[in-house]
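Engineer: First to last, the sequence lines map onto chains A and B.
Residue 1195 is where the first sequence starts when you use our numbering, and the numbers rise one by one after that.
Residue 61 is where the second sequence starts when you use our numbering, and the numbers rise one by one after that.
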Amino acid sequence: MSEPFEKRFRLDGKVAVVTGGGMGIGRAVCLTLSEAGAAVVVQDLDPSLAESVAAEIRSTRAKAVAVAGDITDTATITTMLARARDEFGRLDVLVNNAGIYPFVGFLEMPVETLDRVLNVNLRAVFLCTQMGGQMMADLGNGGSVINLASVQGFRPGNPGVSHYDTTKAGVIMLTKAAALELAPHNIRVNAVAPGMTDTPGTRKVFQPTAALGIPLRRLGEPSDVANLILFLVSPAAAYITGETVVVDGGMLLK
Amino acid sequence: MVAPADWLDLNGKVAVVTGAGHGIGKAIAAALATAGASVIVTDVDGASAEVVGREIGGEGRVLDVSDSTAVDAFFADTARRHGRLDILVNNAGVYRGFGGPIVDVTNQMWRGLMSVNVDGVFYCSRAACRTMIAAGNGGRVINLASTQAFTPGVGVTYDSSKAAVVQMTRTLALEMARHGINVNAIAPGGTWVQEGDAPPTSAIPSATTGEPLADTVSNRLRRIPLGRWGTPDEVGRAAVFLASPMSNYITGITLPVDGGWLLL
């Protein structure tokens, strides 16, 4: 690889799709990939959030479009992938970030809640990776998929998220299996495993003292996760596939 | 939010890379220098350290990491001359000529490899952490582990030494977090460190020796998911990422750069 150093960590001319890109980590990923040169398709359940992030990117004179819809609906997946190809001509990066974590105790959990979490956090990630991987394979330019796992894919969280933890362990293995099968198409598949990250979503559930127990003594920022994702999808990480990279300020060490 | 221009900027940082006279260490030193760091290239072969040091616009020093007295003296001298130490890359390591099957491993082979791959990481990390803690500016320690920490194959000596590096990374990360020192490791897989282009991995013959260690390594290389050897430069880029502000919240991890070796 002999491209200039600064280009190895950039995505100029590339196209990225980010699910759940309307806020929190997803929004930070959209902005970061855009700053690195990619055109971005911002997908979100909430149309106004998706459009707001796309507009924020366009205000920097970079390219972005919004796609609204429920990620568990394969029609939404088809639409967002087609939008990348039809609007921007290619698909290089897919970030499966959309995820939910309603707190319900293990014994109390209704089947409907279990199914919803399995559908959003695992089944949709599988289908997005499959359909996105197929499009990348058809386009013949390789590509890079990033799945959002979690430290709770390695170790259970506090009571109330047994369904979430299970889906995150599933994402870790899905990442490996998909990496193995997509490698012949030069498509890399990796995951990131954030620890406690400060977002509008998590602010509703974290205790104010949460940061005290973390070795690096702070909660993660969405940009911590987004910067890792940028590295993993960039040419600099061309030999990294199948891996779940932890970004947790040292939480798993304790 | 870390701004784009700051993402990979190591200007003003002082880095030490051990075993950097050739191969992966040299590529790491070059990558850190390109990112702006002042790099001190060390190697047990002082001449190669000086050559590489000049090439990358840094400096070269002889250092045998298995000699704790020399290590302590080197880091004290570095602190005195440069006024700071920000990044330590524990790359010095050996693997050839240290036996495969345990019945062939002599005491000298075992001690010789452990003294570089494990003791060396310990001595350098201890000296560097003392310096960094005293300075109070945080820092980075990046250790070179290996996929062989997780998948046996080269030999009991080498494989065990790399598993030690993985756990040293985790324990040190926990200990150093309150000093703002992030400690991580990189685990290269099959990396082509010789001169010239790497041969195709598909040309590696399927294992027929009947010797389980050599056969498992051959079989993995032949079936490597990304279909090729890795390059030293790819390990170098991972080191830049782990040395840079982009990875501020990452500590205690071992990052494979392995083309999918660990998936097999």
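Just so you know, even glycine gets a beta-carbon here, dropped at the ideal spot from N, CA and C.
I need the straight-line Cα distance from Val-178(B) to Tyr-155(B), nearest angstrom please.
Structural biologist: Their Cα atoms are separated by approximately 12 Å.
Engineer: Counting only beta-carbon separations shorter than 9 Å, does Phe-158(B) have a partner in chain A?
Structural biologist: No, because no Cβ of chain A sits closer than 9 Å to the Cβ of Phe-158(B).
Engineer: To the nearest whole angstrom, what separates the beta carbons of Leu-1227(A) and Leu-1205(A), a pair I think is in contact under 8 Å?
Structural biologist: Right, their Cβ atoms sit about 6 Å apart.
Engineer: Asn-1352(A): buried (16+ other C-beta within 10 angstroms of its C-beta) or exposed?
Structural biologist: Classification for Asn-1352(A): exposed.
Engineer: Taking Cβ-Cβ distances shorter than 7 Å, what residues in chain A pair up with Ile-193(B)?
Structural biologist: Neighbours of Ile-193(B) on chain A: none; closest Cβ ~15 Å, over 7 Å.
Engineer: Let me make sure I understand the geometry here. Which of Leu-1406(A), Asp-1280(A) and Ile-1251(A) has the alpha-carbon closest to that of Val-1223(A)?
Structural biologist: Among Leu-1406(A), Asp-1280(A) and Ile-1251(A), the Cα nearest to that of Val-1223(A) is on Ile-1251(A).
Engineer: At 4 residues or longer, what runs of the alpha helix (DSSP H) sit wholly inside the segment 209–246 of chain B?
Structural biologist: Here the runs fully enclosed are 216–236.
Engineer: Leaving out the 5 sequence neighbours to the left and right, which residues in its chain are closer than 6 Å to Ser-175(B) when beta-carbon positions are compared?
Structural biologist: Cβ within range, chain order: Ser-126.
Engineer: Can you check whether the CB of Gly-81(B) is closer than 9 Å to the CB of Val-131(B)?
Structural biologist: No, the Cβ-Cβ distance between Val-131(B) and Gly-81(B) is not below 9 Å.
Engineer: State the DSSP-derived secondary structure class of Thr-1438(A), mapped to helix, strand or coil.
Structural biologist: Here Thr-1438(A) sits in strand by DSSP.
Engineer: For a quick check, are the C-beta atoms of Ala-1232(A) and Phe-1203(A) less than 9 Å apart?
Structural biologist: Not a contact, by the Cβ cut-off of 9 Å.
Engineer: State the start and end residues of the unbroken alpha helix (DSSP H) segment that holds Arg-121(B).
Structural biologist: No alpha helix (DSSP H) holds Arg-121(B); the beta strand (DSSP E) holding it covers 119–122.
Engineer: Determine the burial state of Arg-200(B): buried for a count of at least 16 other Cβ atoms within 10 Å of its Cβ, exposed for fewer.
Structural biologist: By the 10 Å Cβ count, Arg-200(B) comes out buried.
Engineer: Kindly say whether Ala-1432(A), judged by its beta-carbon, lies nearer than 9 Å to any beta-carbon of chain B.
Structural biologist: It does: the Cβ of Ala-1432(A) has a partner Cβ on chain B nearer than 9 Å.
Engineer: Does any heavy atom of the ligand NAP sit closer than 8 Å to the C-beta of Ile-88(B)?
Structural biologist: Although the ligand NAP was asked about, the structure shown includes no ligands whatsoever.
Engineer: CA-CA distance, Gln-1328(A) and Thr-1270(A)?
Structural biologist: Distance between the alpha carbons of Gln-1328(A) and Thr-1270(A) is about 16 Å.
Engineer: Can you give me the start and stop residues for the alpha helix (DSSP H) that Ala-1377(A) sits inside?
Structural biologist: From DSSP, Ala-1377(A) is part of no alpha helix (DSSP H); its letter is neither H nor E.
Engineer: Decide yes or no for the touch test of the segment 1270–1279 of chain A against the segment 1321–1337 of chain A: beta carbon pairs closer than 8 Å, at least 3 of them.
Structural biologist: These segments touch.
Engineer: Compute the Euclidean distance between the alpha carbons of Val-317(B) and Ser-1344(A), then round it to the nearest angstrom.
Structural biologist: Looking at the two C-alpha atoms, the distance is approximately 21 Å.
Engineer: Could I get the ranges of all uninterrupted beta strand (DSSP E) runs contained in the segment 1248–1300 of chain A, with 3 residues as the minimum, in chain order?
Structural biologist: Qualifying beta strand (DSSP E) stretches, in chain order: 1258–1262 and 1287–1290.
Engineer: Residues in its own chain within less than 7 Å of Val-181(B) by CB, not counting five upstream and five downstream?
Structural biologist: So the qualifying residues of the chain are Asn-150, Asn-203, Val-225 and Met-228.
Engineer: Beta carbon of Ile-193(B), beta carbon of His-239(B): below 9 Å?
Structural biologist: In this structure, His-239(B) lies closer than 9 Å to Ile-193(B) by Cβ.
Engineer: So if DSSP puts Leu-281(B) in a beta bridge, which residue, or which two residues, is it bridged to?
Structural biologist: Leu-281(B) is not bridged to any residue.
Engineer: DSSP three-state call for Gln-1324(A): helix, strand or coil?
Structural biologist: Note: Gln-1324(A) maps to helix in three-state DSSP.
Engineer: Could you check what DSSP says for Leu-204(B) in three-state terms: helix, strand or coil?
Structural biologist: In this structure, Leu-204(B) counts as strand in the three-state DSSP scheme.
Engineer: Need the endpoints of the alpha helix (DSSP H) that Ala-93(B) sits in, please.
Structural biologist: Its alpha helix (DSSP H) spans residues 83–94.
Engineer: Below 8 Å on the Cβ atoms is my guess for Ala-299(B) versus Leu-123(B); work out the distance and round it to an integer in Å.
Structural biologist: No, Ala-299(B) and Leu-123(B) are not in contact; Cβ-Cβ is about 18 Å, not under 8 Å.
Engineer: Going along chain A in order, which residues have a C-beta closer than 7 Å to the C-beta of Leu-286(B)?
Structural biologist: The answer, in chain order, is Ala-1377, Tyr-1433 and Thr-1435.
Engineer: Determine whether the Cβ of Ile-310(B) lies closer than 9 Å to any Cβ atom of chain A.
Structural biologist: It does; some Cβ of chain A falls within 9 Å.
Engineer: Which chain E residues are close to Lys-1448(A), counting only those with a beta carbon under 7 Å from its beta carbon?
Structural biologist: Looking at the structure shown, chain E is missing, and the protein chains on hand are A and B.
Engineer: Can you give the beta carbon distance from Ala-251(B) to Gly-287(B), rounded, assuming they're within the 8 Å contact cut?
Structural biologist: Residue identity differs from the one stated: residue 251(B) is Thr in this sequence, not Ala. Contact doesn't hold; Cβ gap of about 15 Å is too wide.
Engineer: Could you tell me which residues DSSP pairs with Gly-1414(A) in its beta bridges?
Structural biologist: The partner list for Gly-1414(A) (beta bridge, DSSP) reads Thr-1391(A).
Engineer: When DSSP labels each residue in this structure, what does Ala-1233(A) get in the three-state scheme?
Structural biologist: Here Ala-1233(A) sits in strand by DSSP.
Engineer: Just checking, does the segment 1415–1434 of chain A make contact with the segment 1373–1389 of chain A on the three C-beta pairs under 8 Å criterion?
Structural biologist: A contact exists between the segment 1415–1434 of chain A and the segment 1373–1389 of chain A.
Engineer: Which residues in chain B have a C-beta closer than 8 Å to the C-beta of Ala-1373(A)? List them in chain order.
Structural biologist: Correct list: Pro-285, Gly-320 and Leu-323.
Engineer: With DSSP collapsed to three states, give me the class of Arg-1459(A).
Structural biologist: Chain A is shown from 1195 up to 1448; residue 1459(A) falls before or after that span and cannot be answered.
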